[in-house]
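A.B. asks: Can you read through this structure? Questions will come right after.
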Amino acid sequence: MTDRHESHDPSAADGPSGSAPRPDDAEIVDAEVVPTAEQRGDTAPASTAPAAQPPADDEEFQRYQEFLEFQRFREWQRTRGDPQAGDTAGQPVPAGEPPGARPQETPPAPRGRPLWKRALGLLRYKFVRRIGYLLLFLLLAPYLFGAVVNHYLGTGSSDSGGPGSGGVPADSVPVKSTSPKQAVRGLYNWLGSSDPERVCGLFEPGGRAAFAQEHGAADCAGAARELNEQVTDPNGYANPKFGEDAVAEAGDEAQVLGCRISVSGGPQLGTFKFERQHDGGWTIAAYSMRAANC
Numbered sequence: 025m026t027d028r029h030e031s032h033d034p035s036a037a038d039g040p041s042g043s044a045p046r047p048d049d050a051e052i053v054d055a056e057v058v059p060t061a062e063q064r065g066d067t068a069p070a071s072t073a074p075a076a077q078p079p080a081d082d083e084e085f086q087r088y089q090e091f092l093e094f095q096r097f098r099e100w101q102r103t104r105g106d107p108q109a110g111d112t113a114g115q116p117v118p119a120g121e122p123p124g125a126r127p128q129e130t131p132p133a134p135r136g137r138p139l140w141k142r143a144l145g146l147l148r149y150k151f152v153r154r155i156g157y158l159l160l161f162l163l164l165a166p167y168l169f170g171a172v173v174n175h176y177l178g179t180g181s182s183d184s185g186g187p188g189s190g191g192v193p194a195d196s197v198p199v200k201s202t203s204p205k206q207a208v209r210g211l212y213n214w215l216g217s218s219d220p221e222r223v224c225g226l227f228e229p230g231g232r233a234a235f236a237q238e239h240g241a242a243d244c245a246g247a248a249r250e251l252n253e254q255v256t257d258p259n260g261y262a263n264p265k266f267g268e269d270a271v272a273e274a275g276d277e278a279q280v281l282g283c284r285i286s287v288s289g290g291p292q293l294g295t296f297k298f299e300r301q302h303d304g305g306w307t308i309a310a311y312s313m314r315a316a317n318c
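Per my numbering, residue 25 is the first one in the sequence shown, and the count goes up by one each step.
Structure, rendered in structure tokens:
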């Protein structure tokens with residue numbers, strides 16, 4: 025069998041050596057040896073993460089594209105050094121909104137201090153406190169002045185006086201009342217109090233003497249003390265009930281009938297005769313336990 029590599033050129037027999045061709049000589053063909061990928065050493069490492077596959081339908085594909093746009097936008101923010109980029113990374117943008125179009129939440133405005141706390145804070149200043157003290161004094165001054173006047177000047181009494189005056193000077197001006205009924209009500213009130221001698225200030229000198237005589241006392245103050253000892257209910261005694269015809273006025277004179285007055289908690293008093301003064305006030309001019317109308 026003939027070798028397929030054997031040369032059929034007739035001149036081959038006339039070689040320089042003059043020898044016949046050898047059957048094992050092979051024909052040399054020029055060829056380029058291509059190295060494999062392993063020999064080159066540039067084999068790319070196999071990816072460990074599977075490639076993201078786009079969604080199947082159009083709606084999911086649209087959301088996927090928006091998600092990729094948002095990821096690229098956040099990456100761009102991080103490259104610029106935005107401190108808020110890391111807070112919302114990975115959060116999907118709502119459908120229909122472009123990346124970065126989400127509105128920023130406005131922080132609530134700081135609440136101011138209550139009005140009453142700010143008002144109290146003004147008390148730290150000394151001049152504000154002084155103004156407050158002055159206003160408080162001006163508000164209370166009328167009440168304090170009225171209490172002092174009623175306490176020291178309301179009775180018209182004194183520690184010294186003549187006989188039968190009950191500690192009130194014989195020529196002293198009696199305390200005037202706005203009406204006869206008010207004077208009698210004040211007299212019952214004082215007789216039941218701890219200072220019954222104050223009733224003597226309501227009488228004129230003649231009325232004080234008559235009051236002491238009718239109750240068998242040496243003076244008006246003595247009669248007041250004796251009546252005070254008979255009072256068992258000061259509160260009830262201080263509120264006498266006047267009948268419809270208990271007070272009778274005629275010009276500048278008036279008469280209060282004791283028998284027409286309902287009294288509880290103490291002794292019943294007599295009839296008082298009043299006189300109106302020039303300034304319109306009433307004083308007790310006379311007193312009697314017996315009256316023609318009773």
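Each residue gets a CB set at the ideal place from its N, CA and C atoms; glycine is no exception.
With respect to the beta strand (DSSP E) encompassing ARG148, which residues constitute its N-terminal and C-terminal limits?
C.D. replies: One-based indexing of the sequence shown puts residue 148 at position 124. ARG148 -> no beta strand (DSSP E), and no H or E assigned at all.
A.B. asks: Go through the segment 211-241 residue by residue and report every complete run of the alpha helix (DSSP H) that reaches 4 residues or more, in order.
C.D. replies: Those alpha helix (DSSP H) runs which fall completely within the segment 211-241 and span 4+ residues are 229-238.
A.B. asks: Does the distance from the C-beta atom of ASN317 to that of TYR261 stay below 9 angstroms?
C.D. replies: In the sequence shown, counting from the first residue as 1, residue 317 sits at position 293. In the sequence shown, counting from the first residue as 1, residue 261 sits at position 237. Not in contact: ASN317 and TYR261 (Cβ atoms no closer than 9 angstroms).
A.B. asks: Could you have a look at GLN279 and say whether DSSP puts it in helix, strand or coil?
C.D. replies: Sequence index remark: in the sequence shown, residue 279 carries index 255 (1-based). DSSP places GLN279 in strand when its eight states are reduced to three.
A.B. asks: Any contact of the segment 280-290 with the segment 209-225, i.e. 3+ C-beta pairs under 8 angstroms?
C.D. replies: Result yes; three or more Cβ-Cβ pairs closer than 8 angstroms.
A.B. asks: In the DSSP assignment, find the beta strand (DSSP E) that holds GLU299 and state where it starts and stops.
C.D. replies: On the sequence shown, residue 299 is found 275 positions in, with the first residue counted as 1. Note, GLU299: beta strand (DSSP E), 295-300.
A.B. asks: In the DSSP assignment, what are the bridge partners of ALA207?
C.D. replies: Numbered from 1 along the sequence shown, position 183 holds the residue referred to as residue 207. According to DSSP, which records beta bridges pairwise, ALA207 is partnered with nothing at all.
A.B. asks: Which of the three DSSP states is assigned to THR202 in this structure?
C.D. replies: Start at 1 with the first residue of the sequence shown, and residue 202 comes out as number 178. Coil at THR202, not helix or strand.
A.B. asks: Apart from the five residues just before and just after ASP269, which ones in its own chain have a Cβ nearer than 7 angstroms to its Cβ?
C.D. replies: Here residue 269 refers to the residue found at position 245 of the sequence shown. Only ARG284 meet the Cβ criterion.
A.B. asks: Bridge partners for PHE85 per DSSP, in chain order?
C.D. replies: For this step, residue 85 is matched to residue 61 along the sequence shown. Answer is none; PHE85 lacks a bridge partner.
A.B. asks: Among residues of its own chain, excluding the 5 on either side of ASP303, which ones have a beta-carbon nearer than 8 angstroms to its beta-carbon?
C.D. replies: The residue labelled residue 303 in the question sits at position 279 within the sequence shown. Only LYS200 meet the Cβ criterion.
A.B. asks: Anyone know if the C-beta pair for LYS297 and SER312 falls short of 9 angstroms?
C.D. replies: Mapped onto the sequence shown, residue 297 falls at position 273. Mapped onto the sequence shown, residue 312 falls at position 288. Contact: yes.
A.B. asks: When you compare the CB positions of GLU228 and ALA248, do they come within less than 9 angstroms of one another, or not?
C.D. replies: Counted from its first residue, the sequence shown places residue 228 at position 204. Counted from its first residue, the sequence shown places residue 248 at position 224. Taking 9 angstroms as the Cβ cut-off, GLU228 and ALA248 do not qualify as a contacting pair.
A.B. asks: Let me make sure I understand the geometry here. Which of PRO258, THR295, GLU299 and ALA171 has the alpha-carbon closest to that of ASP276?
C.D. replies: Position 252 of the sequence shown holds residue 276. Of the listed residues, the one whose Cα sits closest to ASP276 is GLU299.
A.B. asks: Report, in whole angstroms, the separation of the C-beta atoms of SER203 and PRO258, which I expect to be a contact under 8 angstroms.
C.D. replies: Counted from its first residue, the sequence shown places residue 203 at position 179. Counted from its first residue, the sequence shown places residue 258 at position 234. Actually they are not in contact, since the Cβ atoms of SER203 and PRO258 sit about 23 angstroms apart, beyond 8 angstroms.
A.B. asks: Taking 9 angstroms as the cut-off, decide whether the C-beta atoms of GLY282 and GLY294 are in contact.
C.D. replies: Walking along the sequence shown from the start, residue 282 turns up at place 258. Walking along the sequence shown from the start, residue 294 turns up at place 270. Going by C-beta atoms, GLY282 is nearer than 9 angstroms to GLY294.
A.B. asks: Less than 9 angstroms separating the beta-carbons of ILE359 and LEU226?
C.D. replies: Outside the modelled stretch of the chain, which goes from 25 to 318, sits residue 359, for which no answer is possible.
A.B. asks: Which first and last residues belong to the beta strand (DSSP E) in which GLU273 is found?
C.D. replies: Residue numbering aside, residue 273 sits at position 249 when the sequence shown is read from its first letter. Taken as a continuous stretch (DSSP letters only), the beta strand (DSSP E) holding GLU273 covers 271-274.
A.B. asks: Taking C-alpha atoms, which residue in ALA272, TYR167, ALA310 and VAL208 lies nearest to GLN237?
C.D. replies: Locating residue 237 in the sequence shown gives position 213, where the first residue counts as 1. Of the listed residues, the one whose Cα sits closest to GLN237 is ALA310.
A.B. asks: For TYR167 and ARG148, what's the separation of their Cα atoms in angstroms?
C.D. replies: Residue mapping note: residue 167 aligns to position 143 of the sequence shown, counting from 1. Residue mapping note: residue 148 aligns to position 124 of the sequence shown, counting from 1. Near 29 angstroms, if we compare the C-alpha coordinates of ARG148 and TYR167.
A.B. asks: In whole angstroms, what separates the C-alpha of ARG104 from that of ARG137?
C.D. replies: Taking the sequence shown and counting its residues from 1, the one referred to as residue 104 is at position 80. Taking the sequence shown and counting its residues from 1, the one referred to as residue 137 is at position 113. About 41 angstroms.
A.B. asks: Rounded to whole angstroms, how far is the Cβ of LYS205 from the Cβ of PHE151, which I believe are closer than 8 angstroms?
C.D. replies: Walking along the sequence shown from the start, residue 205 turns up at place 181. Walking along the sequence shown from the start, residue 151 turns up at place 127. 51 angstroms between Cβ atoms; not a contact.
A.B. asks: How would you call GLY170, buried or exposed, if buried means at least 16 neighbouring beta carbons within 10 angstroms?
C.D. replies: What you label residue 170 is simply residue 146 of the sequence shown in a count that begins at 1. It is exposed - the Cβ of GLY170 has fewer than 16 other Cβ atoms within 10 Å.
A.B. asks: Straight-line CA distance for GLU273 to LEU158?
C.D. replies: For the purposes of this step, residue 273 is taken as residue 249 along the sequence shown, with counting starting at 1. For the purposes of this step, residue 158 is taken as residue 134 along the sequence shown, with counting starting at 1. Distance between the alpha carbons of GLU273 and LEU158 is about 48 angstroms.
A.B. asks: Give me whichever residues DSSP pairs with THR256 in a beta bridge.
C.D. replies: Position 232 of the sequence shown, counted from the first residue, corresponds to residue 256. Beta-bridge pairing links THR256 to no other residue.
A.B. asks: Return the Cβ separation of VAL208 and VAL280 in integer angstroms, given the expectation that the two are a contact with Cβ distance under 8 angstroms.
C.D. replies: Here the question's residue 208 lines up with position 184 in the sequence shown. Here the question's residue 280 lines up with position 256 in the sequence shown. At roughly 5 angstroms, the Cβ-Cβ gap stays under 8 angstroms, so VAL208 and VAL280 are in contact.
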